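**Q**
Protein chains in written order, with the numbering used here: chain A, 2 to 118; chain B, 34 to 146.
Printed below as a string of structure tokens:
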């Protein structure tokens with residue numbers, strides 16, 4: 002079974018600065034997807050960024066980028082130019098590449114990000 | 034696109050009672066997922082449907098839990114004989130076929146007293 006570990010329960014960053022959230026995972030599969038989801042307080046979870054394991058290039062979405070280290074099974078999220086609206090719980094998640102796996106995600110325990118004005 | 038809708042938003046029930054939650058996915062999405070999230074934890078997968086077929090069930094889904102999606106549109110999740118350990122946020126999500134991005138609803142928060 003796959004496991005996802007987020008070792009930082011809480012992180013804080015000054016507005017406009019850069020922060021990196023860590024995630025490690027364990028799997029015996031060679032093809033899979035990795036995700037970062039954002040869950041603002043009392044609001045729905047939204048997808049921040051997705052990485053396909055077969056792609057060597059790190060995914061980027063505007064101010065959000067990942068550092069995907071397949072051999073080390075590490076998948077960190079970098080948020081540049083942090084904004085107050087980035088404050089939320091961030092979850093790292095794993096999904097198998099198998100046809101029926103779809104979005105049966107395994108989530109980490111989350112990292113609460115606080116942004117200081 | 035009105036998003037994924039869940040009803041009710043909050044449910045308080047006494048131990049031993051049955052509860053039912055409803056999820057309306059985005060209309061063109063044929064996959065629908067249920068997750069459970071306890072306080073301070075990440076969501077855990079419970080089950081998913083492709084159209085009306087329930088394709089996967091987690092071992093977390095005990096015999097007291099049942100989910101349906103009778104016409105391939107909305108879905109219901111029923112918990113029979115609720116226990117205090119069932120207190121959690123129940124999240125519904127939908128997607129198109131395959132590994133298309135998931136769209137989550139706001140969840141139903143269940144409190145069992």
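No residue lacks a Cβ here, since even glycine has one placed at the ideal position from N, Cα and C. As the structure is a prediction and not an experimental result, all values here were calculated from the model.
On a Cα-Cα basis, can you pick out the residue from B:72, B:75, B:58, B:106 that is closest to residue 137 (chain B)?
**A** Within the second chain, numbered from 1, the residue matching residue 137 (chain B) stands at position 104. For the residues B:72, B:75, B:58, B:106, the minimum Cα distance to residue 137 (chain B) belongs to B:58.
**Q** Grouping DSSP H, G and I as helix and E and B as strand, with all else coil, what is residue 27 (chain A)?
**A** Reading the first chain from its first residue, position 26 is the one you call residue 27 (chain A). Note: residue 27 (chain A) maps to strand in three-state DSSP.
**Q** May I ask you to list, following chain order, the residues of the region 42 to 65 of chain A that have a beta carbon less than 9 Å from some beta carbon of chain B?
**A** 43, 44, 45, 46, 47, 48, 51, 53
**Q** Tell me whether the beta-carbon of residue 144 (chain B) lies closer than 7 Å to the beta-carbon of residue 53 (chain B).
**A** As a position in the second chain, residue 144 (chain B) is number 111, starting the count at 1. As a position in the second chain, residue 53 (chain B) is number 20, starting the count at 1. No.
**Q** Is residue 3 (chain A) closer than 7 Å to residue 25 (chain A) when the C-beta atoms are compared?
**A** As a working note, residue 25 (chain A) is residue 24 in the first chain. As a working note, residue 3 (chain A) is residue 2 in the first chain. No, these two residues do not count as a Cβ contact at 7 Å.
**Q** Helix, strand or coil: which one does DSSP assign to residue 32 (chain A)?
**A** Sequence index remark: in the first chain, residue 32 (chain A) carries index 31 (1-based). Reduced to three states, the DSSP call for residue 32 (chain A) is coil.
**Q** In chain B, what lies closer than 7 Å to residue 106 (chain A) by C-beta?
**A** The sequence position of residue 106 (chain A) within the first chain is 105, counting from 1. Below the 7 Å Cβ cutoff, chain B contributes 78 as neighbours of residue 106 (chain A), in chain order.
**Q** Please list the segments of the beta strand (DSSP E) lying wholly inside the region 3 to 75 of chain A, counting only runs of 3 or more residues, in order along the chain.
**A** Qualifying beta strand (DSSP E) stretches, in chain order: 4 to 6, 11 to 15, 20 to 22, 25 to 27, 33 to 40, 47 to 53, 65 to 70.
**Q** Hey, residue 64 (chain B) and residue 81 (chain B) are a contact pair by Cβ (cut 8 Å); roughly how many whole angstroms apart?
**A** For the purposes of this step, residue 64 (chain B) is taken as the residue at position 31 of the second chain. For the purposes of this step, residue 81 (chain B) is taken as the residue at position 48 of the second chain. The Cβ separation is near 6 Å, so the contact holds.
**Q** Along chain B, which residues have their Cβ under 8 Å away from the Cβ of residue 13 (chain A)?
**A** The residue you call residue 13 (chain A) lines up with position 12 of the first chain. Under the 8 Å cutoff, chain B gives no residues; its nearest Cβ is about 18 Å from residue 13 (chain A).
**Q** Less than 7 Å between the beta carbons of residue 135 (chain B) and residue 104 (chain A), yes or no?
**A** Position 102 of the second chain, counted from the start, is the residue given in the question as residue 135 (chain B). Position 103 of the first chain, counted from the start, is the residue given in the question as residue 104 (chain A). In contact: residue 135 (chain B) and residue 104 (chain A) (Cβ atoms closer than 7 Å).
**Q** Flag residue 75 (chain B) as yes if its beta-carbon sits less than 7 Å from any beta-carbon of chain A, otherwise no.
**A** Translated into the one-based positions of the second chain, residue 75 (chain B) becomes position 42. So yes, residue 75 (chain B) belongs to the interface.
**Q** Determine the chain B residues that contact residue 111 (chain A) at a beta-carbon separation under 8 Å, and present them in chain order.
**A** For this step, residue 111 (chain A) is matched to residue 110 along the first chain. The answer, in chain order, is 73, 74, 75.
**Q** Would you please verify whether the beta carbon of residue 92 (chain A) is less than 7 Å from any beta carbon of chain B?
**A** Start at 1 with the first residue of the first chain, and residue 92 (chain A) comes out as number 91. So, interface residue.
**Q** Count the other CB atoms, across all protein chains shown, that sit within 10 Å of the CB of residue 63 (chain A); report buried if there are 16 or more and exposed otherwise.
**A** Mapped onto the first chain, residue 63 (chain A) falls at position 62. Residue 63 (chain A) is exposed by the Cβ-count criterion.
**Q** Could you please give the first and the last residue of the uninterrupted beta strand (DSSP E) stretch that includes residue 133 (chain B)?
**A** Here residue 133 (chain B) refers to the residue found at position 100 of the second chain. For residue 133 (chain B), there is no enclosing beta strand (DSSP E), as DSSP gives it neither H nor E.
**Q** Pop quiz: residue 11 (chain A) and residue 115 (chain A) are said to be a contact at Cβ under 8 Å. What is the actual Cβ separation, rounded to whole angstroms?
**A** Taking the first chain and counting its residues from 1, the one referred to as residue 11 (chain A) is at position 10. Taking the first chain and counting its residues from 1, the one referred to as residue 115 (chain A) is at position 114. Yes, residue 11 (chain A) and residue 115 (chain A) are in contact; Cβ-Cβ is about 7 Å, under 8 Å.
**Q** Is any beta-carbon of chain A found at less than 7 Å from that of residue 5 (chain B)?
**A** No information on residue 5 (chain B) is available, as it lies outside the stretch 34 to 146 that chain B covers here.
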